[in-house]
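Convert by adding 229 to the 1-based position in the sequence shown; the result is the number in the numbering used here. For every residue, glycine included, the Cβ atom is placed at its ideal position computed from N, Cα and C.
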Amino acid sequence: MRISLSWLRELVDVTITPDVLAHTLTMAGFEVEDIEDRRTWADGVVVGKVLSREPHPNADKLSVCQVDIGASSPLNIVCGASNARADIYVPIATIGTFLPKIDLKIKPAKLRGVPSEGMICSLAELGLAKESAGIHIFDLENPKLGADARPLLGLDDVILDLTSTANRADALSMVGVAREVAALTGATVRIPQAPEVSVPSENGNLNLRISAPQACPAYIGTVIEGVKIAPSPAWLQQRLQSAGVRPINNVVDITNYILLEWGQPLHAFDRDRLQSVAGGDSLTIGVRYGSQGESLKTLDGQTRNLGTQSLLITANDKPVALAGVMGGEETEVYEGTMNLVLEAALFDSVAIRRSARGQGVRTEASGRYERGVNQAELGIACARAIALIGELASGQPVQQKIADTRPDPAIWSRSIELRLDRVNQILGPIDLGEEIGDIQAKDMKRILTALGCQVNPVADNERVWKVTVPPYRYRDLEREIDLIEEIARLYGYDNFCDELPSESEAGYLSLDQQLTRQIREALRAAGLTEVMHYSYAVNASAGGERQVAIANPMFSEYSALRTELVSGLIEAFQYNLEQGNGALNAFEIGRIFWREEEGLIEADGLAGIIGGDPIIGKWTRGGKEQPMTWFEAKGVLESVFQRLSLVVEYQPDRRDPRLHPGRTASLWVQGNRLGTFGQLHPQLRQERGLPDAVYAFELDLDVFLEALAEDEKLTPKLRTFSTYPASDRDIAFFAPVQVTVAEIKKAITKAAGALLDSVELFDEYRGENVPEGQRSLALRLVYRASDRTLTDADVDPVHNKVREALVEKFRVSLRS
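The structure is reproduced here in structure tokens:
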């Protein structure tokens, strides 16, 4: 929010410089992002009077003016403005003046042969407008000539661009900032007082019908007649402009002024236009939610389709405004407006947030309602607006209707128990120069009192206080810790000791964190890129009963939390292809969520997708991509397990409908199911436009970490390499197709015992001369001993035992 220092000084006695004030506010949690010193915009600009205007002898569009600025002789100034004339008071930039907004320093000059000793300024040249049709003319009678023009232009001001945290809705108003400055500096605050307004409730045909009292707990509608629409006075326009608000007319400017002063949004309807839209003789202002098929043209000229989350203001049940967001174009105040209906209301923050988000619009009013408007001062803001409309627009209130379902005003402030010992326990010691100490009770009381709280000790314990929170901080100060935070903030965070604790420990990673890092390193070493996605389900409808729905989703497509990671990786793979980035080889470690009978559960998952050609130089293949086979993709995953010294078994599996039923395996480690690996189902690939060779895996990270956390893997043992040569034996046979190579390798390893160094499949054949339902397999067995060179007498008995085990267990037909 843009804070005018001159306006602020009317509300609180600020004697410190703008820079010091900005630092004080920033240290208290209200960051000042920019200081706009408007005094520099027109330093050297004075008030002058045009005595005469003559045509320029050598230029049709220029004129020569004699201007009196109170000096011994008038200035001769060449001017190009069409509205220059005699007997007007204007701002004059004298010789030596620098105008930073147009980057111009005024020097003596000759324009078409005529000397010019200054410049008559427009608002654009002074930085007060983007464009100006001519020079600025003061609406004054007998001002002091040669006087500083900045006070008349509102340029004797400094603007602080203030940012408040989301919990401080009160700081979105000048009154709220003034209270904060008073608490920080100890100055006296002067809250604007609204005169008491007595308006009859039955003297007219206005009625209220609040169909959504939870969304609108209070509504004040005031009929004001005899309004004269005109430009606002200069002081009001200047205050709006300093806050970044464009002046429109006196009535609209007053509602914006109250918005800035009190943080209370108001809206003025044209009474006669409302009646025209409503039809009939009576007028009933209502508040309800919209229905499908309704529409409303708002003040920005947009026709908006309304939904069930759009909170509306209606006239005889016809929509005339988006409640708390923006008014309707049909009922706006215009030059011919004579009668008003002034709306002052409280709206629920959640209802306004949903309504504004549903329409894709956010305004100054909706931003304040979303944070929470001070409900205790609604009547004050309304009365002040009515008084200003009477003063500046000659309006007379003739009827006022109030619908109020708020609880008793006595509960708008709450009492919180504050333990003084707890304050020092939480905040720690303060720096007292040569020694340290605790915050004293008198300082705590001073701070809380400055915030508007009432402090009373509990009867039986002087170290415990009962603190009553003012209504304007009702939403923010809810618990004891909130009061402790306020004490720390206003006492000054920089006054607390910053020494480290006497006993400190070096940081460390837990075992799971270390092992997870090792898994990431192994996956990256295998050529996979780590990706990260939102924790939302790509297809929420696919989750079924296990899905955890989001109560207030940001987007309709992200309406639930993800139960697995593979779907997001498939989306990423498809996106990369569509963007021309090629196939994606990637993995993700992220949080997944699901619902069970005992409640909601979350855990970390690991998944990956493989489908890109790993070859960099493809000139040997004519530049063509070569699809990755199932075994090559499995090899990528197997290389990860080998790097981590993990033995994983593969078993046929067809439980995941997204994967090919004949090219999917479940992964097992030490009897526990680790996860699934397989090729994407042809139907899924066809729907997504993916290439044939795309593979995915999903692993249970907890099982993975448990397997890696065993002692023998955490502390590897040194195993010396044998210096003796190995003895190789090949074995070939026909085996049933149903028998997996993993089962065969497991049987060979068990039968061969300690002499077997390795076993590897090097050939598979199916086709001619192979019995039906079988395949030809050839494996190479490497035997090695660490203490001697093996002879045939050592190897043959073991190899024969392997052959016999294969025949007995799998009924293979040996070929060698």
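Tell me which residues share the same chain as aspartate 399 and place their Cβ nearer than 6 Å to its Cβ, disregarding the 5 neighbours each side in the sequence. Mapped onto the sequence shown, residue 399 falls at position 170. Gly405, Tyr701, listed in sequence order.
Could you compute how far the alpha carbon of glycine 508 sits from the alpha carbon of serine 520? Looking up residue 508 in the sequence shown gives position 279. Looking up residue 520 in the sequence shown gives position 291. About 20 Å.
What number of angstroms, rounded off, separates the C-alpha of proline 1026 from the C-alpha of proline 881? The residue you call residue 1026 lines up with position 797 of the sequence shown. The residue you call residue 881 lines up with position 652 of the sequence shown. The alpha-carbon separation between proline 1026 and proline 881 amounts to approximately 33 Å.
Per-residue DSSP class, three states only, for serine 440: As a working note, residue 440 is residue 211 in the sequence shown. DSSP places serine 440 in coil when its eight states are reduced to three.
By DSSP's criteria, threonine 513 is part of a beta bridge. Which residues make up the other side? Here residue 513 is taken as the residue at index 284 of the sequence shown, counted from 1. Under DSSP, threonine 513 forms a beta bridge with Asn436.
Specify, as a first and last residue, the run of the beta strand (DSSP E) that serine 281 falls within. Along the sequence shown, read from residue 1 onward, the residue named residue 281 stands at position 52. Going by DSSP, serine 281 is part of the beta strand (DSSP E) stretching over 274-284.
With distance defined between alpha-carbon atoms, name the residue in Glu346, Lys290, Arg267, Ala288 nearest to asparagine 305. Here residue 305 corresponds to residue number 76 of the sequence shown, with the count starting at 1. Nearest of Glu346, Lys290, Arg267, Ala288 to asparagine 305, Cα basis: Glu346.
Based on the DSSP secondary-structure assignment, which residues constitute the bridge partners of glutamine 953? By one-based count along the sequence shown, residue 953 stands at place 724. Before going further, note that residue 953 is tyrosine rather than glutamine in the sequence given. The partner list for tyrosine 953 (beta bridge, DSSP) is empty, contrary to what the question assumes.
Which value, in whole angstroms, describes the spacing of the CA atoms of asparagine 371 and tyrosine 318? Stepping through the sequence shown from its first residue, residue 371 is reached at position 142. Stepping through the sequence shown from its first residue, residue 318 is reached at position 89. Straight through space, the alpha carbons of tyrosine 318 and asparagine 371 are spaced by roughly 9 Å.
Report yes if the C-beta distance between arginine 791 and phenylalanine 822 is below 8 Å; otherwise report no. To locate residue 791, count along the sequence shown from 1; it is residue 562. To locate residue 822, count along the sequence shown from 1; it is residue 593. Yes. Within cutoff.
Coil, strand or helix - valine 387 by DSSP: If you number the sequence shown from 1, residue 387 lands on position 158. Look at valine 387 here: in three-state DSSP terms it is strand.
Give me, in chain order, the residues of the same chain whose beta-carbon lies closer than 7 Å to that of proline 658; leave out the 5 immediate sequence neighbours on both sides. Reading the sequence shown from its first residue, position 429 is the one you call residue 658. For proline 658, where only same-chain residues beyond five positions count, the Cβ hits under 7 Å are Ile665, Gly666, Asp667, Cys726.
I'd like the ranges of any beta strand (DSSP E) spanning at least 3 consecutive residues and lying wholly in the region 711-778. The region 711-778 contains no whole beta strand (DSSP E) run of 3 or more residues.
Separation of glycine 681 from phenylalanine 259, as counted between CA atoms: Here residue 259 refers to the residue found at position 30 when the sequence shown is read from its first residue. Here residue 681 refers to the residue found at position 452 when the sequence shown is read from its first residue. Straight-line Cα distance between these residues: approximately 18 Å.
For serine 895: DSSP bridge partner residues: In the sequence shown, counting from the first residue as 1, residue 895 sits at position 666. DSSP lists Gln880, Thr905 as the bridge partner or partners of serine 895.
Check whether the Cβ atoms of isoleucine 483 and leucine 621 sit closer than 8 Å, and answer yes or no. For the purposes of this step, residue 483 is taken as the residue at position 254 of the sequence shown. For the purposes of this step, residue 621 is taken as the residue at position 392 of the sequence shown. One thing to note: isoleucine 483 has its Cβ within 8 Å of the Cβ of leucine 621.
Out of Asn805, Leu866, Glu691, Asn690, state which residue places its alpha-carbon closest to the alpha-carbon of arginine 753. Along the sequence shown, one-based indexing puts residue 753 at 524. The option with the nearest alpha carbon to arginine 753 is Leu866.
Distance, isoleucine 366 Cα to serine 281 Cα: Residue mapping note: residue 281 aligns to position 52 of the sequence shown, counting from 1. Residue mapping note: residue 366 aligns to position 137 of the sequence shown, counting from 1. Rounded to whole angstroms, serine 281 to isoleucine 366 spans 15 Å at the Cα level.
Option nearest glutamine 803 by Cα separation, candidates Gly918, Asp650, Ser764, Asp385: Residue numbering aside, residue 803 sits at position 574 when the sequence shown is read from its first letter. Considering only alpha carbons, the answer is Gly918.
Which value, in whole angstroms, describes the spacing of the CA atoms of tyrosine 401 and glutamine 470? Working through the sequence shown from its first residue, we reach residue 401 at position 172. Working through the sequence shown from its first residue, we reach residue 470 at position 241. A small correction: the amino acid at residue 401 is leucine; tyrosine does not occupy that position in the sequence shown. When rounded, the separation of the alpha-carbon atoms in leucine 401 and glutamine 470 is 16 Å.
Skipping 5 residues on each side, what residues in its chain have a beta carbon closer than 8 Å to that of glutamate 972? Looking up residue 972 in the sequence shown gives position 743. Within the same chain, glutamate 972 has close Cβ partners Phe1039.
So the candidates are Leu647, Thr969, Ser951; which of them puts its Cα closest to the Cα of arginine 892? Here the question's residue 892 lines up with position 663 in the sequence shown. Here the closest residue by C-alpha is Thr969.
DSSP three-state call for histidine 1028: helix, strand or coil? Counting from one through the sequence shown, the residue named residue 1028 turns up at place 799. Helix, per DSSP.
From serine 427 to glycine 277, what distance separates their C-alpha atoms? To locate residue 427, count along the sequence shown from 1; it is residue 198. To locate residue 277, count along the sequence shown from 1; it is residue 48. Their backbone Cα atoms lie some 47 Å apart in a straight line.
Bridge partners for tryptophan 823 per DSSP, in chain order? On the sequence shown, residue 823 is found 594 positions in, with the first residue counted as 1. DSSP lists Ile830 as partners of tryptophan 823.
For glutamate 793 and glutamate 825, the rounded distance between their alpha carbons: In the sequence shown, the residue the question calls residue 825 occupies position 596. In the sequence shown, the residue the question calls residue 793 occupies position 564. C-alpha of glutamate 825 to C-alpha of glutamate 793: approximately 15 Å in a straight line.
Name the one or two DSSP bridge partners that arginine 958 has. Sequence index remark: in the sequence shown, residue 958 carries index 729 (1-based). The partner list for arginine 958 (beta bridge, DSSP) reads Leu1010.
Within a Cβ cutoff of 7 Å, which residues of the same chain sit near glutamate 564, ignoring the five residues on either side of it in sequence? Walking along the sequence shown from the start, residue 564 turns up at place 335. Once the five neighbours on either side are set aside, the close Cβ partners of glutamate 564 are Ile458.
Integer-rounded CB distance, given that leucine 719 should sit under 8 Å from isoleucine 676: Taking the first residue of the sequence shown as position 1, residue 676 is located at position 447. Taking the first residue of the sequence shown as position 1, residue 719 is located at position 490. In this structure isoleucine 676 touches leucine 719 by the C-beta definition: roughly 5 Å separates them, less than 8 Å.
Residue of Leu234, Pro424, Gly589 minimising C-alpha distance to aspartate 385: Working through the sequence shown from its first residue, we reach residue 385 at position 156. Per the Cα distances, Leu234.
Distance check for isoleucine 232 and valine 562, CA to CA, integer angstroms please. The residue you call residue 562 lines up with position 333 of the sequence shown. The residue you call residue 232 lines up with position 3 of the sequence shown. One C-alpha to the other measures close to 27 Å.
With which residues is cysteine 611 paired in a DSSP beta bridge? Against the sequence shown, residue 611 aligns to sequence position 382. Answer is none; cysteine 611 lacks a bridge partner.
Could you say which of Glu454, Asn478, Ala801 lies nearest to leucine 465 if we only look at CA atoms? Within the sequence shown, residue 465 is the residue found at index 236, counting from 1. Selected option, being the one with the closest Cα: Asn478.
Is it buried or exposed for valine 795, if we count other Cβ within 10 angstroms and need 16 for buried? Position 566 of the sequence shown, counting from 1, holds the residue named residue 795. Valine 795 should be labelled buried.
How about the region 490-501 and the region 546-560: do they share at least three Cβ pairs that are nearer than 8 Å? Yes, they touch.
For serine 301, is the classification buried or exposed, using 16 other Cβ atoms within 10 angstroms of its Cβ as the cut-off for buried? Taking the first residue of the sequence shown as 1, we reach residue 301 at position 72. So serine 301 ends up on the exposed side.
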